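Numbering (the numbering used here), first residue to last: 45 to 370.
Positions of the beta carbon are idealized from the N, C-alpha and C atoms, including for glycine.
What you are looking at is a predicted structure, and each value in this text was computed from that prediction instead of being measured.
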């Protein structure tokens with residue numbers, strides 16, 4: 045049985061990953077400082093350590109006490125607006141955490157790393173879908189920190205013979221099919237859970253940030269990927285690292301997008317609620333469209349997504365949030 049260390053395994057994506065890796069028969073170790081994660085979201089079959097990735101002695105003890113075969117790194121601060129207000133905090137946490145992880149991995153001869161990156165590394169591009177060969181030009185410190193982390197991995201792979209896959213996510217959404225874990229951010233910044241706050245009585249209407257974009261209905265288009273398909277891609281990534289040398293960057297998305305208005309209309313259908321909407325001014329830095337080219341994910345990872353259905357995605361999210369609201 046191989047041992048997987050999942051850093052940030054109490055968070056939204058990380059907790060789904062822990063559950064899936066346990067289901068796949070891996071021994072799973074979780075490290076999380078619970079800054080944004082939740083202890084009760086971590087599958088009970090995993091061994092949990094409360095601590096900070098930047099703590100060298102804490103991390104070293106975990107690597108010494110366990111024979112770790114691969115690391116999946118999810119831990120990062122990830123709010124775009126907050127990163128603009130607190131760039132030093134983001135660089136300290138995200139870049140500093142990566143530096144310490146790489147140091148401990150090298151010292152303990154652990155070679156395999158799957159890194160949770162983001163489409164925010166690309167910045168704004170006019171031509172869709174976005175391929176991995178597009179230029180990177182982050183427009184906020186969050187995206188910049190993730191790009192810096194990718195580059196740190198790349199150079200350490202050359203120097204220390206590391207084996208890595210960096211997965212650039214588009215818009216992760218939805219909840220586990222059994223409704224036990226899902227998205228739970230404070231503050232919430234993602235469209236689908238915010239839309240669902242209206243039928244749940246948390247807000248009166250959904251605001252649309254601009255309806256004058258160069259899209260069919262004037263609202264922004266995004267590539268929404270179900271969190272369980274995302275977790276499955278990480279399993280594929282780990283297995284690829286075990287099988288052969290990799291060292292590359294891969295987009296994770298479905299390869300097509302939905303507009304803000306399409307998401308709202310689908311949520312109306314799923315929930316049976318009218319979900320009033322109001323158009324407000326554009327937010328600075330919002331591209332008209334962000335859609336992934338996912339050919340590389342399917343070819344390199346042999347990834348076959350199962351939940352590419354926006355109604356299903358929103359339904360799983362709604363079922364989870366209804367439970368949380370009780």
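Beta-carbon gap between residue i and residue j smaller than 7 Å
i: residue 182; j: residue 210; result: no
i: residue 239; j: residue 311; result: yes
i: residue 267; j: residue 349; result: no
i: residue 236; j: residue 361; result: yes
i: residue 351; j: residue 270; result: yes
i: residue 62; j: residue 90; result: yes
i: residue 223; j: residue 101; result: no
i: residue 289; j: residue 228; result: no
Simplified DSSP state of residue i, which is helix, strand or coil
i: residue 78; result: coil
i: residue 336; result: strand
i: residue 159; result: strand
i: residue 363; result: helix
i: residue 270; result: strand
i: residue 92; result: strand
i: residue 329; result: coil
i: residue 117; result: strand
i: residue 98; result: coil
i: residue 54; result: coil
i: residue 200; result: helix
i: residue 258; result: coil
i: residue 147; result: helix
i: residue 293; result: strand
i: residue 125; result: helix
Spatial neighbours of residue i in its chain, beta-carbon cut-off 8 Å, leaving aside the 5 residues before and after
i: residue 139; result: 189, 192, 193, 196
i: residue 103; result: 75, 95, 97, 144, 145, 148
i: residue 88; result: none
i: residue 174; result: 163, 166, 295, 334, 335, 336, 337
Same chain only: Cβ atoms within 6 Å of residue i, ignoring 5 sequence neighbours per side
i: residue 323; result: 252, 255
i: residue 137; result: 121
i: residue 124; result: 184, 186
Top-ranked residue by Cα proximity to residue i, from the options
i: residue 221; options: 279, 352, 357; result: 357
i: residue 160; options: 212, 180, 168; result: 212
i: residue 292; options: 158, 325, 145, 241; result: 158
i: residue 370; options: 107, 246, 285; result: 246
i: residue 185; options: 214, 162, 72; result: 162
i: residue 340; options: 325, 361, 294, 118; result: 294
i: residue 111; options: 128, 92, 134, 72; result: 72
i: residue 45; options: 208, 67, 130; result: 67
i: residue 59; options: 133, 113, 119; result: 119
i: residue 172; options: 316, 297, 321, 327; result: 297
i: residue 330; options: 303, 342, 321; result: 303
i: residue 113; options: 367, 282, 342, 314; result: 282
7 Å Cβ shell around residue i - same chain, five flanking residues per side excluded
i: residue 142; result: 193, 196
i: residue 54; result: 74, 76, 78, 81, 82, 83, 85, 86
i: residue 204; result: 150
i: residue 319; result: 239, 242, 243, 250, 308, 311, 312
For residue j and residue i, believed in contact at Cβ under 8 Å, the rounded distance
i: residue 347; j: residue 275; result: Residue 347 to residue 275, Cβ: 11 Å. No contact.
i: residue 48; j: residue 65; result: 5 Å
i: residue 152; j: residue 107; result: 4 Å
i: residue 265; j: residue 301; result: 4 Å
heavy atom of the ligand SAM below 6 Å from residue i C-beta
i: residue 311; result: In the structure on display, the ligand SAM does not appear, and there are no ligands present to speak of.
Chain B contact for residue i (CB, 7 Å cutoff)
i: residue 103; result: Going by chain labels, chain B is absent from the structure shown, which holds only one protein chain.
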